[in-house]
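Accompanying notes for the structure given below.
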Amino acid sequence: LGAPWEAAPRAPHRARPVSRSAMSMLGGLFGNVCTIDVTIDPGDSNRKTGPLARDRKGEKAYIFTDGEDLMGTAVVSVKPGKKLEHQGIKVELIGQVEMVNDKASSYDFFSITKDLEPPGALFEPKQYKWRFGAVDYANETYSGMKVRLRYFVRLSVVRNYSSNVTKEVDMIVQNIFPQPELNNTIKMEVGIDECLHIEFEYDKSKYHMKDVVVGKVYFLLVRIKIKHMELNIIRREIAGSTAANQQTDNETLTKFEIMDGAPVKDQCIPVRLYLKGLELTPSYKNVQNKFSVKYFLNLVLVDEEDRRYFKQQEIFIWRKKVG
Numbered sequence: 074l075g076a077p078w079e080a081a082p083r084a085p086h087r088a089r090p091v092s093r094s095a096m097s098m099l100g101g102l103f104g105n106v107c108t109i110d111v112t113i114d115p116g117d118s119n120r121k122t123g124p125l126a127r128d129r130k131g132e133k134a135y136i137f138t139d140g141e142d143l144m145g146t147a148v149v150s151v152k153p154g155k156k157l158e159h160q161g162i163k164v165e166l167i168g169q170v171e172m173v174n175d176k177a178s179s180y181d182f183f184s185i186t187k188d189l190e191p192p193g194a195l196f197e198p199k200q201y202k203w204r205f206g207a208v209d210y211a212n213e214t215y216s217g218m219k220v221r222l223r224y225f226v227r228l229s230v231v232r233n234y235s236s237n238v239t240k241e242v243d244m245i246v247q248n249i250f251p252q253p254e255l256n257n258t259i260k261m262e263v264g265i266d267e268c269l270h271i272e273f274e275y276d277k278s279k280y281h282m283k284d285v286v287v288g289k290v291y292f293l294l295v296r297i298k299i300k301h302m303e304l305n306i307i308r309r310e311i312a313g314s315t316a317a318n319q320q321t322d323n324e325t326l327t328k329f330e331i332m333d334g335a336p337v338k339d340q341c342i343p344v345r346l347y348l349k350g351l352e353l354t355p356s357y358k359n360v361q362n363k364f365s366v367k368y369f370l371n372l373v374l375v376d377e378e379d380r381r382y383f384k385q386q387e388i389f390i391w392r393k394k395v396g
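Residue numbering for the sequence shown follows the working numbering, starting at 74 and increasing by one per position.
The following block contains the structure:
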């Protein structure tokens, strides 16, 4: 394409672009001028908190639900003797879906902005109170193996000559679901020709997150030596907006042994599995066209040669109360 424009003879005068090193130096100069912080006000002394994300162990955040106000405080601290020139100060509430291993492809599905300060200059620390009224939290926050849905507040000091100064604080959104009107029992017969024939029955197909799975397993034909039987709960996460880029991950949340020893024909084994204490979320279907979460009851039989026989049945999980 020829020599760079600086070397071209008799070239008209043009402003030279600011190099990355110069931008970095400017950022260093301006970066020392201020520090910022943003906090969320619970608004209620009884507001519950919950764990934030699986990769942020020990961190907790306030839990909000659809239609609630969100309020808090923002602080911009200018160092003594310094002047902070800016192009505006704002606070944003953002809903975002991001792939855990590809954060560059994050998708903002929700955003509202409140301007705190018009363009100008600050010479001393300043505190701002902010509020977003009756927020429409259409989706719950979710932290999965491959995908995450976040709601967070971002405070930004917008600047001309270097990157904006920003600070983010996360929150949790949980929405209560109405009790399903229809909740049919699950009843299935499975087996291996001439070897094993069982019938299992669960009292319903839709469970709230603190519910109890109650059921029975009938052995109608037993000609293989069964060593034990267990009931697993599996979470299946399907991430990706198209079939071509979808990823499916299965996570076993619990293994509950319901029988130890060989069953005999016509034996009935009761099942009672408590969901409280498990790290469940509600079932999600095609959230923002980015991911779904399904749950399965997985009945597993293991014979004396450690061969495993299993049958999965999808169940629906819903949230009865916050927290």
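The beta-carbon is built from N, C-alpha and C at its ideal position, and this holds for glycine as well.
Contact set for residue i: own chain, Cβ-Cβ below 7 Å, skip 5 residues either direction
| i | result |
| --- | --- |
| residue 247 | 136, 138, 213, 392, 395 |
| residue 367 | 309, 356, 387 |
| residue 263 | 271, 384 |
| residue 344 | 286, 287, 288, 289, 290, 304, 331 |
| residue 313 | 319, 320 |
| residue 221 | 126, 171, 173, 215 |
Reduced DSSP secondary structure (H/G/I, E/B, other) of residue i
| i | result |
| --- | --- |
| residue 371 | strand |
| residue 317 | helix |
| residue 419 | Lying before the first or after the last residue shown, residue 419 is absent from the chain, which here runs from 74 to 396. |
| residue 351 | coil |
| residue 176 | strand |
| residue 343 | strand |
| residue 268 | coil |
| residue 188 | strand |
| residue 225 | strand |
| residue 146 | strand |
| residue 204 | strand |
| residue 291 | strand |
| residue 75 | Unreliable placement is indicated for residue 75, whose pLDDT of 42 sits below 50; the coordinate value is still reported in the next sentence. Note: residue 75 maps to coil in three-state DSSP. |
| residue 336 | coil |
| residue 182 | strand |
| residue 395 | coil |
| residue 273 | strand |
| residue 262 | strand |
| residue 278 | coil |
| residue 113 | strand |
| residue 193 | strand |
| residue 108 | strand |
| residue 390 | strand |
| residue 255 | coil |
| residue 249 | coil |
| residue 152 | coil |
Residue burial classification, residue i (beta-carbon count within 10 angstroms, cutoff 16)
| i | result |
| --- | --- |
| residue 310 | buried |
| residue 184 | exposed |
| residue 355 | buried |
| residue 261 | exposed |
| residue 249 | exposed |
| residue 341 | exposed |
| residue 273 | buried |
| residue 269 | buried |
| residue 346 | buried |
| residue 149 | buried |
| residue 350 | exposed |
| residue 134 | buried |
| residue 255 | exposed |
| residue 166 | buried |
| residue 280 | buried |
| residue 234 | exposed |
Sequence-distant residues of its chain with Cβ nearer than 6 Å to residue i (five each side left out)
| i | result |
| --- | --- |
| residue 143 | 205, 208 |
| residue 201 | 147, 189 |
| residue 377 | 298, 300 |
| residue 169 | 179, 181, 223 |
| residue 382 | 374 |
Beta-bridge pairing of residue i - partner residues as DSSP gives them
| i | result |
| --- | --- |
| residue 124 | 133 |
| residue 385 | 371 |
| residue 305 | 328, 371 |
| residue 230 | 162, 238 |
| residue 312 | 320, 364 |
| residue 169 | 181, 223 |
| residue 210 | Paired residue(s): none; residue 210 is not in a bridge. |
| residue 218 | In DSSP, residue 218 forms no bridge with anything. |
Spatial neighbours of residue i in its chain, beta-carbon cut-off 8 Å, leaving aside the 5 residues before and after
| i | result |
| --- | --- |
| residue 337 | 292, 295 |
| residue 156 | 106, 194, 195, 196 |
| residue 159 | 190, 192, 193, 194, 195, 230, 231, 232 |
| residue 198 | 148, 149, 150, 151 |
| residue 203 | 144, 145, 146, 147, 164, 187, 189 |
Contact belief for residue i with residue j at Cβ below 8 Å, rounded distance in angstroms
| i | j | result |
| --- | --- | --- |
| residue 305 | residue 278 | Not confirmed; about 17 Å, so no contact. |
| residue 218 | residue 322 | 5 Å |
| residue 112 | residue 145 | 5 Å |
Residue i Cβ short of 6 Å to the ligand MG heavy atom set
| i | result |
| --- | --- |
| residue 251 | The ligand MG is absent from the structure shown, which contains no ligand whatsoever. |
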